[in-house]
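Peer 1: Let me begin by handing over the structure; questions about it come next.
There are 2 protein chains.
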Amino acid sequence: MKPTAKQVAHVAGVSIAAVSRAFTPGAPINPEKKKKIFAVAEEIGYISPARRTAKAVAASTITLVAGDLHNPFYPLVLDTLARHLQESGRQLLVYALPSDCNIDAVTDQVLAARPSGIIVTSASLTSNMARACRQNQIKAVLLNRIQRDMRINAVSCDNYQGGRDIGRLLLDRGCQRISLIGGVANTSTHAERVRGFRDVLAEAGRTIHAQASGNYQYEIGKQAAVHLLSAVQPPDAIFCCNDIMALAVIDAAKERGLRIPQDLAVAGFDDIPMASWSSYQLTTIRQPVERMVQEAVSLIDDPNIKASDNGFTRILSGMLVLRSSA
Amino acid sequence: MKPTAKQVAHVAGVSIAAVSRAFTPGAPINPEKKKKIFAVAEEIGYISPARRTAKAVAASTITLVAGDLHNPFYPLVLDTLARHLQESGRQLLVYALPSDCNIDAVTDQVLAARPSGIIVTSASLTSNMARACRQNQIKAVLLNRIQRDMRINAVSCDNYQGGRDIGRLLLDRGCQRISLIGGVANTSTHAERVRGFRDVLAEAGRTIHAQASGNYQYEIGKQAAVHLLSAVQPPDAIFCCNDIMALAVIDAAKERGLRIPQDLAVAGFDDIPMASWSSYQLTTIRQPVERMVQEAVSLIDDPNIKASDNGFTRILSGMLVLRSSA
DNA sequence: TGGCGTCTTGAAAATTTTTCACTACATGCA
DNA sequence: TGCATGTAGTGAAAAATTTTCAAGACGCCA
Numbered sequence: 001m002k003p004t005a006k007q008v009a010h011v012a013g014v015s016i017a018a019v020s021r022a023f024t025p026g027a028p029i030n031p032e033k034k035k036k037i038f039a040v041a042e043e044i045g046y047i048s049p050a051r052r053t054a055k056a057v058a059a060s061t062i063t064l065v066a067g068d069l070h071n072p073f074y075p076l077v078l079d080t081l082a083r084h085l086q087e088s089g090r091q092l093l094v095y096a097l098p099s100d101c102n103i104d105a106v107t108d109q110v111l112a113a114r115p116s117g118i119i120v121t122s123a124s125l126t127s128n129m130a131r132a133c134r135q136n137q138i139k140a141v142l143l144n145r146i147q148r149d150m151r152i153n154a155v156s157c158d159n160y161q162g163g164r165d166i167g168r169l170l171l172d173r174g175c176q177r178i179s180l181i182g183g184v185a186n187t188s189t190h191a192e193r194v195r196g197f198r199d200v201l202a203e204a205g206r207t208i209h210a211q212a213s214g215n216y217q218y219e220i221g222k223q224a225a226v227h228l229l230s231a232v233q234p235p236d237a238i239f240c241c242n243d244i245m246a247l248a249v250i251d252a253a254k255e256r257g258l259r260i261p262q263d264l265a266v267a268g269f270d271d272i273p274m275a276s277w278s279s280y281q282l283t284t285i286r287q288p289v290e291r292m293v294q295e296a297v298s299l300i301d302d303p304n305i306k307a308s309d310n311g312f313t314r315i316l317s318g319m320l321v322l323r324s325s326a
Numbered sequence: 001m002k003p004t005a006k007q008v009a010h011v012a013g014v015s016i017a018a019v020s021r022a023f024t025p026g027a028p029i030n031p032e033k034k035k036k037i038f039a040v041a042e043e044i045g046y047i048s049p050a051r052r053t054a055k056a057v058a059a060s061t062i063t064l065v066a067g068d069l070h071n072p073f074y075p076l077v078l079d080t081l082a083r084h085l086q087e088s089g090r091q092l093l094v095y096a097l098p099s100d101c102n103i104d105a106v107t108d109q110v111l112a113a114r115p116s117g118i119i120v121t122s123a124s125l126t127s128n129m130a131r132a133c134r135q136n137q138i139k140a141v142l143l144n145r146i147q148r149d150m151r152i153n154a155v156s157c158d159n160y161q162g163g164r165d166i167g168r169l170l171l172d173r174g175c176q177r178i179s180l181i182g183g184v185a186n187t188s189t190h191a192e193r194v195r196g197f198r199d200v201l202a203e204a205g206r207t208i209h210a211q212a213s214g215n216y217q218y219e220i221g222k223q224a225a226v227h228l229l230s231a232v233q234p235p236d237a238i239f240c241c242n243d244i245m246a247l248a249v250i251d252a253a254k255e256r257g258l259r260i261p262q263d264l265a266v267a268g269f270d271d272i273p274m275a276s277w278s279s280y281q282l283t284t285i286r287q288p289v290e291r292m293v294q295e296a297v298s299l300i301d302d303p304n305i306k307a308s309d310n311g312f313t314r315i316l317s318g319m320l321v322l323r324s325s326a
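From first to last, the protein sequence lines are chains A and B. Sequential numbering of the first sequence, starting at 1, is according to the UniProt record's numbering. Sequential numbering of the second sequence, starting at 1, is according to the UniProt record's numbering.
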């Protein structure tokens, strides 16, 4: 038996007209009464035909929640996603997280729009948000990040293999004091890139000569480079966990009159457009952005995957791009 | 007298149930009959309560149509706009124009979503799109571009004054062979920046020593630089109409062993994050992104401004940012 | 040809939305 | 202080819309 507004009115102790008014945008109703009506409606599973229509219209929308649009890698993701959705007549909603907020700051807004799926990138999913997505039957996908404690869908480059590839390359180049500038410590991108890098060094009987943290940003990455290059035994190679930091390392090295790669080999991760600029010519791992976007949308579109499932993870190979920095 | 579904049914020669089905997503109805019902409904001004609700929900949405998210200036615009809208409980829809398409490619999609306003950036508005916005009572605003033939709202940096400021600076620096790399010829950003630059040189009895076109892109800008620097009398200063091209010029100059700014002074326009990187330290005009975004949203929100009005233009001052490149 | 399944349709029933009269409350003015 | 006015919220009832259901049309297969 399908729930009706009449039942909502009975349970909430209001008139049927009040229930209808609660669901009609701009109709006069006491806000507290409106809240109560919505609570009861949700409890018994009632949704007005008008809201159902609004929901159906919104179902052709996918939402991107982006934690960092200043890193040139993520505008690429956004651009690719927008074009991909447009090709199938769909729309992209974008939420940009302020740098001092976590995703809980936008959870209510994001879910209120009833998108058919949510893609989160360069931000961590909170358990609050994960629960809310499940309750609202809205699928969420992490893009370029994996959170194993969250049971959430994820699409990521094979960061571990990328880290290995760079480690192998620097060893092959004969580098002796191979060092590392890491990203954000509690992210899978950082952890896996470092783990792959460290494993391949260990397999060759080597350890990371020196390590600093660059928070995935140019300025902090540059400070980390200055710190490492000031050591008594400075590195002769640095793997940076993303390109922006690697470009900062190159800048810092040049300021000290170091030649790239003769005095210092530098490698990054991402292959942002700036990596190919003449001042940098950065050797890096190219993330397969097109494929990653396709897979994320696929996960959302797959009818066999439910919002309440335990999460699927798809790992896609990156590609080593050789330029003159290492 | 408010139009009813009963009237639509009478005019279209169908039942009231058919009219309701036409407006209910997923309800079974012959597609041709559906089209006819919508046509009649539009003619007499009928919209079902369900569709009215969907429309009201969409009215808290603003759409950004972006022609170029690869230029780091525009992700900044997008990020600023998204955050600005979120603060007032609104949502941002994003459409990314493929590089071989004009805005007509997304007009139907964009308008079908019934946003409360459309912001177009790094793309030209077509007369088709302008007309469609007026018919649908949806306000459009050009951001960082002005099209005087379109009678459309626009918000822009004072490109003319910016061009003047750079010209004045290069003259003050004593540069003799002051040259120019332009952007995209039929854009207001190009035209005004060049005009300001040219006017200030003319006022000092000078002309532009040499000129090339860089299409606002790194690679083409670099080719233009190589061309200018290969001349018998190469420039000792180059003003590039955007930062990306200026960074490419610096790269090209360094490849030739030229010192910046002693052998070649370089200036740009935008103040993207990369302009402050150590390899570049670019002197440029900073566009007031926050203010521009605020003004664009203001134009959309202003109840006294109608979609059918002749268009308002707001010009905001940029700021000369001195670094070591000029 | 008959049976079955699918799609579309209008009449009628069910449900939702809107209208209207009323109440309560706040504000301004004499 | 009392009265008039305006605004916001409300439920009953009228109006409008949506859904249900039975019927017809059509295509396919044995």
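Even glycine gets a Cβ: it sits at the ideal position worked out from N, Cα and C. These numbers were taken from a predicted model, which means no experiment stands behind them.
Are the C-beta of Val94 of chain A and some C-beta of chain B separated by less than 9 Å?
Peer 2: The beta carbon of Val94 of chain A sits closer than 9 Å to some beta carbon of chain B.
Peer 1: Could you pull out every residue in the same chain whose Cβ sits closer than 8 Å to the Cβ of Leu81 of chain A, ignoring the five residues on either side in sequence?
Peer 2: Here the set comprises Ile62, Leu64, Leu92, Ile119, Val293, Ala296, Val297.
Peer 1: Runs of 3 residues minimum, wholly inside the segment 222 to 283 of chain B: which ones carry the beta strand (DSSP E) assignment?
Peer 2: 237 to 240, 265 to 267
Peer 1: How close, in whole Å, do the beta carbons of Leu264 of chain B and Ala237 of chain B come, if the pair is a contact with beta carbons under 8 Å?
Peer 2: 7 Å
Peer 1: Taking a contact to mean a Cβ-Cβ separation below 9 Å, would you say Asn153 of chain A touches Ile305 of chain A in this structure?
Peer 2: yes
Peer 1: Take the Cβ of Lys35 of chain B as the centre, count every other Cβ of all protein chains shown within 10 Å, and call the residue buried at 16 or more, exposed below.
Peer 2: exposed
Peer 1: Less than 9 Å separating the beta-carbons of Ser276 of chain A and Ile250 of chain B?
Peer 2: no
Peer 1: Would you tell me roughly how many angstroms separate the C-alpha atoms of Arg286 of chain A and Arg323 of chain A, rounded to the nearest one?
Peer 2: 12 Å
Peer 1: Using the Cα positions of Arg206 of chain B and Asn310 of chain B, report the straight-line distance between them to the nearest angstrom.
Peer 2: 38 Å
Peer 1: Please list, in chain order, all residues of the same chain as Gln233 of chain A whose beta carbon is under 7 Å from its beta carbon, the five residues on each side excluded.
Peer 2: Contacts found: Arg177.
Peer 1: Listing by chain order, which chain A residues have their CB less than 8 Å from the CB of Lys254 of chain B?
Peer 2: Ser278, Ser279
Peer 1: Rank B:Ile44, B:Ala50, B:Leu125, B:Ser60 by C-alpha distance to the C-alpha of Gly89 of chain B and give the top, closest one.
Peer 2: Among B:Ile44, B:Ala50, B:Leu125, B:Ser60, the Cα nearest to that of Gly89 of chain B is on B:Ser60.
Peer 1: Which bits of chain B does Asp251 of chain A rub up against, with CB to CB less than 7 Å?
Peer 2: Those are Trp277, Ser278, Ser279, listed as they occur along chain B.
Peer 1: Tell me, please, which residues DSSP counts as bridged to Leu92 of chain B.
Peer 2: A:Val94, B:Ile62
Peer 1: Among the residues of its own chain, which have a CB less than 8 Å from the CB of Ala27 of chain B, if the five just before and after it don't count?
Peer 2: Same-chain partners within the cutoff: Ser20, Arg21.
Peer 1: Tell me which residue opens and which closes the beta strand (DSSP E) that residue 383 of chain A is part of.
Peer 2: Residue 383 of chain A is absent from the structure shown; chain A starts at 1 and stops at 326.
Peer 1: Could you tell me which residues DSSP pairs with Arg286 of chain B in its beta bridges?
Peer 2: When beta bridges are read from the DSSP output, Arg286 of chain B appears opposite B:Asp270, B:Met319.
Peer 1: Check the Cβ of Pro321 of chain B against every Cβ in chain A and list those closer than 8 Å, keeping chain order.
Peer 2: At residue 321 of chain B the sequence reads Val, which differs from the Pro that was named. Neighbours of Val321 of chain B on chain A: none; closest Cβ ~17 Å, over 8 Å.
Peer 1: Which residues of chain A have a Cβ atom closer than 8 Å to the Cβ of Thr24 of chain B, listed in chain order?
Peer 2: Chain-ordered, the chain A residues with CB closer than 8 Å to the CB of Thr24 of chain B read Pro49, Thr53.
Peer 1: Name the chain B residues whose beta carbon is nearer than 8 Å to that of Val106 of chain A?
Peer 2: Gln86
Peer 1: With 16 other CB atoms within 10 Å as the buried threshold, where does Asn30 of chain B fall?
Peer 2: exposed
Peer 1: Verify whether the separation of the beta carbon atoms of Asp79 of chain B and Leu97 of chain B is less than 9 Å.
Peer 2: no
Peer 1: Residues of chain B with a CB under 7 Å from the CB of Arg83 of chain A: which are they?
Peer 2: Ala96, Pro98
Peer 1: Let me make sure I understand the geometry here. Which of B:Val266, B:Met319, B:Thr24 has the alpha-carbon closest to that of Val289 of chain B?
Peer 2: B:Met319
Peer 1: Please return the same chain residues whose Cβ sits closer than 7 Å to the Cβ of Arg198 of chain B, not counting the five positions on each side in sequence.
Peer 2: Ile208
Peer 1: Going by DSSP in three states, Gln135 of chain B sits in which element: helix, strand or coil?
Peer 2: helix
Peer 1: With a threshold of 6 Å on Cβ separation, who are the neighbours of Lys139 of chain A within its own chain once the five nearest residues in sequence on each side are excluded?
Peer 2: Gly117, Ile300, Ala307
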